[in-house]
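The structure under discussion appears below in the form of structure tokens.
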Amino acid sequence: MNTTSAVQMRTLKSDEPRPDEAGDLLGGAKLLKRMPSSRADVHAAIVHGIPYSALFFLTDHITVLSEADVANAVGISTRTLRRQKDEPKKSMPTDLASKTWLFAETLAKAADVFGGKAEAERWMSEHAMGLDVARPIDLLRTVQGAELVNEFLGRLEYGVYN
0 MNTTSAVQMR TLKSDEPRPD EAGDLLGGAK LLKRMPSSRA DVHAAIVHGI PYSALFFLTD
60 HITVLSEADV ANAVGISTRT LRRQKDEPKK SMPTDLASKT WLFAETLAKA ADVFGGKAEA
120 ERWMSEHAMG LDVARPIDLL RTVQGAELVN EFLGRLEYGV YN
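Going by numbering that gives the first Met the number 0, the sequence shown opens with residue 0, and the numbers climb by one from there.
Quick look at the structure:
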């Protein structure tokens, strides 16, 4: 592999979160008011308020995972989620918005690794040997679990399985 190819590969395979891809999964600029382009922009968007409509957009466009799995992963009950449908423009609490963004980032990264969103959702719903046989979706309930999932995705992306 020549140097140019190696540089291009490093550019394409980045461990950095992809704010635009996560933002698209949450409804894009239409729902987020403005698409974050950096980690600082993501932080500002979360602090200033992300509407519940972004979470509804995400759950409405999930094809393999259940609404209950997504709700559990971001830390909200399905009952509370359904109640919030009456006020879609209401801002989520900061912790819920943060976990929702983290979920979207993880799903975007998994879609890149597995070649599509449906494949990523399928992987997230199955027990993974590299994650001590846990389901990735269940690990997303905590920041630490999400870190494990994202580290594992990074290893899969680079072909390092153990």
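For glycine and all other residues, C-beta sits at the position ideal for the given N, C-alpha and C. Given the structure is predicted, the values throughout are model-derived calculations rather than measurements.
Excluding the 5 residues flanking it on each side, T62 has same chain C-beta neighbours closer than 6 Å at A117, in chain order.
The alpha-carbon of V148 is positioned some 33 Å away from that of D85.
An exposed status is given to M128, since fewer than 16 other beta-carbon atoms sit within 10 Å of its beta-carbon. Comparing alpha-carbon positions, the option among G26, R17, A107 lying closest to R38 turns out to be R17.
The alpha helix (DSSP H) runs lying completely inside the region 31-56 and spanning 4 residues or more are 38-47, given in chain order.
Annotated as distal: A96 and I136, with beta-carbon spacing of 8 Å or more.
If the five residues before and after K108 are omitted, its C-beta is found closer than 6 Å to the C-beta atoms of L152, all from its own chain and listed in chain order. In this chain, the alpha helix (DSSP H) harbouring E66 covers 66-73.
For A127, DSSP records a beta bridge to A133. In this structure, V46 lies away from W100, with their beta-carbon atoms at least 8 Å apart. Each residue's CA atom was taken as its position, placing F55 and L24 some 10 Å apart.
Within the same chain, Cβ atoms closer than 8 Å to the Cβ of K88 are found at P50, Y51, S52, the five residues on either side in sequence being excluded. Taking G26 as the centre and dropping the five residues before and after it, the same chain places the C-beta of A53, F56 closer than 6 Å to its C-beta, in chain order. The three-state reading of DSSP puts S90 in strand, counting E and B together. If you look at L139, you'll find it isn't in any alpha helix (DSSP H); DSSP assigns it neither H nor E. Taking C-beta atoms as the reference points, E120 and L155 fail to come closer than 8 Å.
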